[in-house]
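A.B. asks: Encoded as structure tokens, here's the structure I'll be asking about.
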Amino acid sequence: MYLSLSLDQRIRPRHRFLVELKKVRKGPFPLSSLVPNDESFCQQWAGTSVDKYLAFRQRLLLKDFANKYEKRMMMISSFVCLLLQNQ
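Quick note on UniProt numbering: the sequence shown kicks off at 1 and runs consecutively.
Set out below in structure tokens:
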């Protein structure tokens, strides 16, 4: 069951959310927090509403997208500089 869970879509966002709320338990991340749906996760593990979790996830996705875009733009500008230098 756990092998079918997405690292980027379920595991990492839930862990980061618990870290932000300062509700991460010491020791290994509890696998049982990954299985329930978002509503159960928020009630049992985060002690907050699904809306807060979904808003957090949306911010996380936007931040990740912005970071990937920035890295890609830096690579392109470096490539263009190399091309111009070699002319």
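Glycine is no exception: its CB is placed at the ideal position from the N, C-alpha and C atoms.
Check whether the Cβ atoms of leucine 18 and valine 24 lie closer than 8 Å to each other.
C.D. replies: Contact flag set, yes.
A.B. asks: Quick one: using the 10 Å Cβ neighbour count with 16 as the cut-off for buried, is phenylalanine 41 buried or exposed?
C.D. replies: Flag for phenylalanine 41 reads buried.
A.B. asks: Going by other Cβ atoms of all chains shown within 10 Å of its Cβ, with 16 needed for buried, is alanine 46 buried or exposed?
C.D. replies: Classification for alanine 46: buried.
A.B. asks: How far does the alpha helix (DSSP H) with residue 91 in it extend, from its first residue to its last?
C.D. replies: Since the first residue of the chain shown is 1 and the last is 87, residue 91 is not available in this structure.
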